[in-house]
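Sequence order for the protein chains is A and B. Per this note's numbering, the very first residue in the first sequence carries number 1; after that it's consecutive. Per this note's numbering, the very first residue in the second sequence carries number 1; after that it's consecutive. All C-beta atoms in this analysis are idealised placements derived from N, C-alpha and C, irrespective of residue type, glycine included.
2 protein chains.
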Amino acid sequence: MHGYELRKRLNLMLGWRSLLSYGSLYPALKKMLRAGWIEEHTVLSGATSRRPRIVYEPTDAGRAEFVRLMSEAGPSAWEDDNFDIRFAFFSSTDMEIRLRVLEGRRMRLQERLERVQGQLSLTQKEMDRYAAELQRHGVEQVEREVHWLSELIQAERAGTTAPQQPPGAKA
Amino acid sequence: MHGYELRKRLNLMLGWRSLLSYGSLYPALKKMLRAGWIEEHTVLSGATSRRPRIVYEPTDAGRAEFVRLMSEAGPSAWEDDNFDIRFAFFSSTDMEIRLRVLEGRRMRLQERLERVQGQLSLTQKEMDRYAAELQRHGVEQVEREVHWLSELIQAERAGTTAPQQPPGAKA
DNA sequence: TTCGTCATGTAATGGGTTACATGATTAC
DNA sequence: GTAATCATGTAACCCATTACATGACGAA
Chain A
1 MHGYELRKRL NLMLGWRSLL SYGSLYPALK KMLRAGWIEE HTVLSGATSR RPRIVYEPTD
61 AGRAEFVRLM SEAGPSAWED DNFDIRFAFF SSTDMEIRLR VLEGRRMRLQ ERLERVQGQL
121 SLTQKEMDRY AAELQRHGVE QVEREVHWLS ELIQAERAGT TAPQQPPGAK A
Chain B
1 MHGYELRKRL NLMLGWRSLL SYGSLYPALK KMLRAGWIEE HTVLSGATSR RPRIVYEPTD
61 AGRAEFVRLM SEAGPSAWED DNFDIRFAFF SSTDMEIRLR VLEGRRMRLQ ERLERVQGQL
121 SLTQKEMDRY AAELQRHGVE QVEREVHWLS ELIQAERAGT TAPQQPPGAK A
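Okay, structure coming up:
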């Protein structure tokens, strides 16, 4: 697909907080081109006078690189931003990897909870009302994500033999 | 307070996703010093041979600048990162400003929801299972934050005369 | 004795956003 | 007619993290 279209799609899928900008999109495509991961084809669109689109397609090397990236289940994969991207492409990954990413993410979040809750009792007295409320809400949000992850992990495990619908997806 | 201590405090209050690094903390302090917003005092700590702490204190100009910053209730104040910081210092702000910030934030989140939900029906069929699940969870999280904000707004409004405990704070 | 914490700082590096530049087309 | 969308790109700028540098103290 071409850059403009790609941007729209990515913004739709992952554009909660920030939108992908042209200043990072196009240079990134050029980099992938130089690395040999994608090929470009210029395609004239309907009306002749219109600016031709540059359609990109993954090469074999690119596909291999994608698989390699998706099979990385290390710490970087359970960091906030990376996790979302990894999750969005879960369909292209083995269940083993999916489980490791989900569990890693959950671990990371639980670490955060412990860090805060360990010091919560200490600080709460001297802490500002609003600051405390912010923390309470933060804890709640993280706890909810942990719960969400747990359900997904369960669903993955249940589907050891047959692929499974994640909870919340329409039947 | 001195830099090291400040870092710990801020990480405790706002360090959900990222920890404040020395590389941004100390240069920032120097900048505020040059701007005349803070003063530094070198303080020898208990053991004589220990590295002296550099304790910072706001000047009158600094305090004024703080008040000015806190009374900015424009769009930048309801962006993700800024909002948290603004909220954490709500105690130092008038209720008017607090309300405007809370309502602005809620509006921003509702815009996001509309953007996604408007196109949700269109895309859901051609969308990947996991991508859809990610979106569903994202929507849920945002809806929850909207609800949280609504309660806070109500609490602020109820406390027009007397200052009020935010819901969730201990009585 | 070695590791973690206290405590302050600098330089390089990397990354992304913003703004600019261009120009045709479609919808109001 | 004018604004928004399609469509691709570049350059300047900002800003934050990472890694490095230094050194004393307390605990295991």
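Helix, strand or coil: how does DSSP classify residue i here?
i, result
"residue 129 of chain B", "helix"
"residue 118 of chain B", "helix"
"residue 177 of chain B", "Because chain B in this structure spans residues 1 to 171, residue 177 of chain B falls outside the shown range and cannot be described."
"residue 159 of chain B", "coil"
"residue 50 of chain B", "coil"
"residue 152 of chain A", "helix"
"residue 17 of chain A", "coil"
"residue 171 of chain A", "At residue 171 of chain A, the pLDDT of 42 sits below 50, so the modelled position is not reliable; the number obtained from the coordinates is stated separately. Three-state DSSP puts residue 171 of chain A in coil, outside helix and strand."
"residue 164 of chain A", "The pLDDT assigned to residue 164 of chain A is 49, lower than 50, so where the model puts this residue is not dependable, and the model offers no usable value."
"residue 61 of chain A", "helix"
"residue 101 of chain B", "helix"
Assuming residue i is part of the beta strand (DSSP E), what are its boundary residues?
i, result
"residue 57 of chain B", "53 to 58"
"residue 39 of chain B", "38 to 43"
Compare the beta carbon distance of residue i and residue j with 8 Å and say whether it is the shorter of the two.
i, j, result
"residue 94 of chain A", "residue 14 of chain A", "no"
"residue 36 of chain B", "residue 61 of chain B", "yes"
"residue 55 of chain A", "residue 137 of chain A", "no"
"residue 91 of chain B", "residue 17 of chain A", "no"
"residue 11 of chain B", "residue 25 of chain B", "no"
"residue 143 of chain A", "residue 113 of chain A", "yes"
"residue 141 of chain B", "residue 141 of chain A", "yes"
"residue 88 of chain B", "residue 131 of chain A", "yes"
Which two residues bound the contiguous alpha helix (DSSP H) that contains residue i?
i, result
"residue 88 of chain B", "80 to 88"
"residue 28 of chain B", "22 to 34"
"residue 10 of chain A", "3 to 14"
Cα-Cα, which of the options is closest to residue i?
i, options, result
"residue 101 of chain A", "A/92, A/34 and A/86", "A/86"
"residue 51 of chain A", "A/71, A/4, A/158 and A/96", "A/4"
"residue 96 of chain B", "B/1, B/160, B/6 and B/54", "B/160"
"residue 58 of chain A", "A/11, A/34, A/135 and A/145", "A/34"
"residue 103 of chain B", "B/157, B/23 and B/6", "B/157"
"residue 139 of chain A", "A/117, A/23 and A/148", "A/117"
"residue 133 of chain A", "B/9, B/149 and B/7", "B/149"
"residue 98 of chain A", "A/23, A/147, A/7 and A/71", "A/71"
"residue 6 of chain A", "A/53, A/111 and A/63", "A/53"
Q: Decide yes or no for the touch test of the stretch 100 to 107 of chain A against the stretch 71 to 81 of chain A: beta carbon pairs closer than 8 Å, at least 3 of them.
A: Segments in contact, yes.
Q) For the stretch 26 to 41 of chain B against the stretch 134 to 153 of chain A, are there 3 or more C-beta pairs whose distance is under 8 Å? A) no
Q) Taking contact to mean at least 3 C-beta pairs separated by less than 8 Å, is the stretch 67 to 76 of chain B in contact with the stretch 41 to 59 of chain B? A) no
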